[in-house]
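Enquirer:
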Amino acid sequence: MELKFTVHTKIQKPLTEVFDAVYNPNKLSKFFTTGGSSGPLDEGTTVTWAWHDYPGNYDVNVIKMVPNCLILLEWATTSGGYNTRTEIAFEEIGANDTLVKITESGWNEDEKGLKDSYGNCAGWTEVLCCLKAWVEYGINLRKGAHEGMYDGTEHGSASA
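Quick note on the working numbering: the sequence shown kicks off at 1439 and runs consecutively.
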């Protein structure tokens, strides 16, 4: 069984504006890569994504880029050892409405791959929510959301 998922949302802005928010490193860092992106997502390049609120930098290989249509990426899993493939597709569904679909695949078909794919599915869902909030309303949903979450201490546990 191939481990693969697709998440999507409609963003109430023109296609060119939504595409640029993902393609342009200055805009991408406003809602996603809080530590920046080393460059635009041009086909055939490798860019580095960083986060202030998540450990590590990640090299992202841009396999294909079709303006206002598609960005296809490959990057290493957080556990390393192999790459996954992420397809970000943009579709104009009205003058001021854009459908964004993110599909990711390529995990090892084992327990660890399944767990990692679930984590990434949640992560890409958050990215779409952050993209929508930033492009439509100028709100950065990541601000404060992850601070202190990845500092080696356990969070979210409750005692009865």
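For glycine and all other residues, C-beta sits at the position ideal for the given N, C-alpha and C.
#1: Thinking just about the alpha-carbon of each residue, which of Gly1551, Val1504, Gly1494 and Ile1577 is nearest to the one in Phe1457?
#2: Does Asn1464 come out as helix, strand or coil in the three-state DSSP assignment?
#3: DSSP puts Ile1577 in a beta bridge; with which residues?
#4: Tell whether a beta-carbon distance below 9 Å holds between Gly1477 and Ala1488.
#5: Tell me the residue span of the beta strand (DSSP E) that contains Phe1528.
#6: Using a Cβ-Cβ cutoff of less than 8 Å, which residues in the same chain neighbour Thr1454 once the five nearest sequence positions on both sides are dropped?
#7: Counting only runs that start and end within the stretch 1445-1514, where is the beta strand (DSSP E) found for 3 or more residues in a row?
Expert: This is what the structure gives:
#1: By alpha-carbon distance to Phe1457, the top candidate from Gly1551, Val1504, Gly1494 and Ile1577 is Val1504.
#2: Of the three classes helix, strand and coil, the one that applies to Asn1464 here is helix, per DSSP.
#3: Paired residue(s): none; Ile1577 is not in a bridge.
#4: Cβ distance not < 9 Å, so Gly1477 and Ala1488 don't count as in contact.
#5: For Phe1528, the enclosing beta strand (DSSP E) begins and ends at Asn1521 to Gly1532.
#6: Answer for Thr1454: Asn1506, listed in chain order.
#7: List check, beta strand (DSSP E) in window: 1484-1488, 1495-1504 and 1508-1514.
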